[in-house]
Every structure is written in structure tokens, then in C-alpha cells.
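Visitor: Positions in the sequence shown are counted from 1; adding 10 to them yields this note's numbering. From the three backbone atoms N, C-alpha and C, an ideal C-beta is built for every residue, glycine too. Below is a structure I'd like to ask you about.
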Amino acid sequence: MTLQDFKLKMVSELSSIYEMDELNSIFNLLSEDYLKIPRSKILLADEIHLDESNQTLFLSALERLKTHEPIQYVLGKTTFIDLEFKVNSSVLIPRPETEELVRLILKEDLDGKEIFDIGTGSGCIAISLAKNLPNAKVSALDISIDALEVARENAKLNNVNIEFIHADIFEYHLDKKYDVIVSNPPYVTESEKLKMKKNVLNYEPEIALFVNDSDPTKYYEFIINFSKNHLHANGQIYLEINENYKYDLNLLAQNYEYKIIEFKLDTHNKIRFLVLSEDNQLEKNTH
Ligand code: GLN
């Protein structure tokens, strides 16, 4: 079997699940990872013969993809802010929006500051911040032991030091202040869940994604309240949010008397981020 034969088989068996450009990118990711060849070489797919062990690799990936398993879990890894992260079904696959959140934070001059990531999952936010801010002190909390195991591996893989904390944020007490509190908490409501695809629903951890329709902003309320006692006077909160709850979140931030309340758009022009701070001096930096 040549690589081209595999590609044709893959396209015919997965075309009901994926668009053609998604199929192309999945094919490229598999070829790069399994054959360790650059993208330019993949163009010569009909000249590349797959030996028996490679055939087994490609065909078993195809079987997993047919069940709607995300390519990132099939490969066991993904890229986030140009860094490699291991992933498995205990952690959410890092999303491009969350990369935007990290890039927003990296616009600030935060090296040497203390940063706290609540609900770290794979560790993608904490680790990419630590990598880009070598003197920052980054702590990251998660309720899931399995997620923390992945996050710890990722910190090692990317050669950064993070303080990992295993706790339920709702039960977590500490006597400490940070310069930045960041979180991408669960924000998809159970009713929005009905519209989601099988690859998310069957494989990604529910605990990282969903909130009850009856209390969709509970993580935000807790974090905004928590930050009142755990943020330095000129500190900032960075949150990834669900656009549908922007009014509730705005009200929450006002109730907790944050002076600067900024909603920011993602590249799809959806309101996706909320940045809060107390100190007017920071206003110029966050625009
Ligand atoms: N952006 C993710 C999604 O729509 C949700 C992430 C989250 O709940 N924090 O799948």
C-alpha cells in the first residue's frame, strides 16, 4: 500500500464526517507524525510505500477516526502557541481561541509576575505563559488528577516549572495574591450541548466543558469573587467566556466593582474574552 492508496481509502471512509480540507490536514498530520517526513515530501504520496508496521499505524488511526475520535487524541498530542502538548481524553483539546487569550496576556509586561491559572486541564495556558515569561511564577490548579498528570508531563516536555495544585477551586483556600488570574472554565450550557458534534461529545471531558443552564456563570462568579482577595491592587483577570452571557458577566463584574471591564473579540468576531482590573493605570495597556 502506498501513502496515496491510504489517502484515497481515508477520504472515502471519512468523507461523511469531515470536510475535504479537514481531511487533508488530518492526512498531513498523520503522515508527518508516523513517517517523520516534511509536508513537501507528502506530495509524492504515490511514490511512498508503507511497510507493514506503518500500514498498521495508519489503518488503526483510520479506525479510530471513523468513530469520530479527534485527531489530537489519536496522535496523543497537539500544538498550542508553537509548543507541543500531550493530550488524552482527560483534558480538553486546546482551542485556537485559547491561544488568542494567551497572546492577549503576553501583550502585557508580566515577566517576573505571579500568575494563577484556574482549571488548567492540559496546562496549555500556564505552560505557554511560563515558556514566554521565563521569570514569571506560574501556579495552575485543576480538580482532575488525570488532567494534572497530563499537565505535569507537558510542563516537563516544555521544560518549565509550574506549581500544580490539585483542588476544587470552590473549596480552595489560600493566603496569597497574584498579579494575573486566568481561566478558561467550563462555559458550554447543557442546551448548547445538543448542537455539538460527536467528536467533542463522545471524547472530550464533560467536566471541562459543560455548565447547567440554571447557573451558567457559576465559575465566573466564583473566580471574580475569589480575585477580590487574591489579586494585587494593579492585577488583572483574564477569562475566556461564552458570548451568550456577556450581559450577566458585565453585571457580575460591576457588582464586584471592577473599574475596568473589557470584552474582547476572537478572530471570528465573537465576544470571547473578558479582562477585568481595578487599577485605571492599566487601561492604556489593555486596549
Ligand atoms: N471553546 C470550547 C468549545 O466550544 C469550550 C471551552 C470551555 O468550555 N471552556 O468547545
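1. Since ILE271 and ASN260 are thought to touch, with beta carbons under 8 Å apart, how far apart are those beta carbons, to the nearest angstrom?
2. On the criterion of 16 or more Cβ atoms from any shown chain inside 10 Å, does PHE180 qualify as buried, or is it exposed?
3. Comparing alpha-carbon positions, which option in GLU107, PHE37 and GLU202 lies nearest PHE68?
4. Please tell me whether, using a cut-off of 7 Å, the distance from the CB of ASN194 to the nearest non-hydrogen atom of the ligand GLN is below it.
5. Which word fits ALA150, buried or exposed, when buried means at least 16 other C-beta atoms lie within 10 angstroms of its C-beta?
6. Confirm the yes/no value for this check: CB of GLU200, any heavy atom of the ligand GLN, distance under 7 Å.
7. What's the call for GLY131, buried or exposed, on a 16-neighbour Cβ count within 10 Å?
8. If we call anything under 8 Å between Cβ atoms a contact, is LEU139 one with VAL112?
9. Spell out the partners DSSP gives ALA150 in its beta bridges.
10. Opposite GLU250 in the DSSP bridges: which residues?
11. Which of the three DSSP states is assigned to LEU275 in this structure?
12. ILE153 to VAL210, Cα distance in whole Å?
13. Say yes only if the C-beta of ARG105 is nearer than 7 Å to one or more non-hydrogen atoms of the ligand GLN, and no if none qualify.
Guide: Checking against the coordinates, here is how it stands:
1. The sequence position of residue 271 within the sequence shown is 261, counting from 1. The sequence position of residue 260 within the sequence shown is 250, counting from 1. About 6 Å separates the two Cβ atoms, so the contact holds.
2. Against the sequence shown, residue 180 aligns to sequence position 170. Counting Cβ neighbours within 10 Å, PHE180 comes out exposed, since fewer than 16 surround it.
3. One-based indexing of the sequence shown puts residue 68 at position 58. For PHE68, the nearest C-alpha among the options comes from PHE37.
4. Numbered from 1 along the sequence shown, position 184 holds the residue referred to as residue 194. At least one heavy atom of the ligand GLN is nearer than 7 Å to the Cβ of ASN194, so yes.
5. Taking the sequence shown and counting its residues from 1, the one referred to as residue 150 is at position 140. Result: buried.
6. Residue mapping note: residue 200 aligns to position 190 of the sequence shown, counting from 1. Checking the Cβ of GLU200 against the ligand GLN gives no.
7. As a position in the sequence shown, residue 131 is number 121, starting the count at 1. Buried, by the Cβ-count rule.
8. In the sequence shown, the residue the question calls residue 139 occupies position 129. In the sequence shown, the residue the question calls residue 112 occupies position 102. Against a cut-off of 8 Å, the Cβ pair of VAL112 and LEU139 comes out as a contact.
9. Here the question's residue 150 lines up with position 140 in the sequence shown. Beta-bridge pairing links ALA150 to ASP127 and PHE174.
10. Position 240 of the sequence shown holds residue 250. Paired residue(s): PHE283.
11. The count along the sequence shown starts at 1 and reaches residue 275 at position 265. Residue state, collapsed to three classes: strand.
12. In the sequence shown, counting from the first residue as 1, residue 153 sits at position 143. In the sequence shown, counting from the first residue as 1, residue 210 sits at position 200. For ILE153 and VAL210, the distance between alpha carbons rounds to 20 Å.
13. As a position in the sequence shown, residue 105 is number 95, starting the count at 1. The answer is yes for ARG105.
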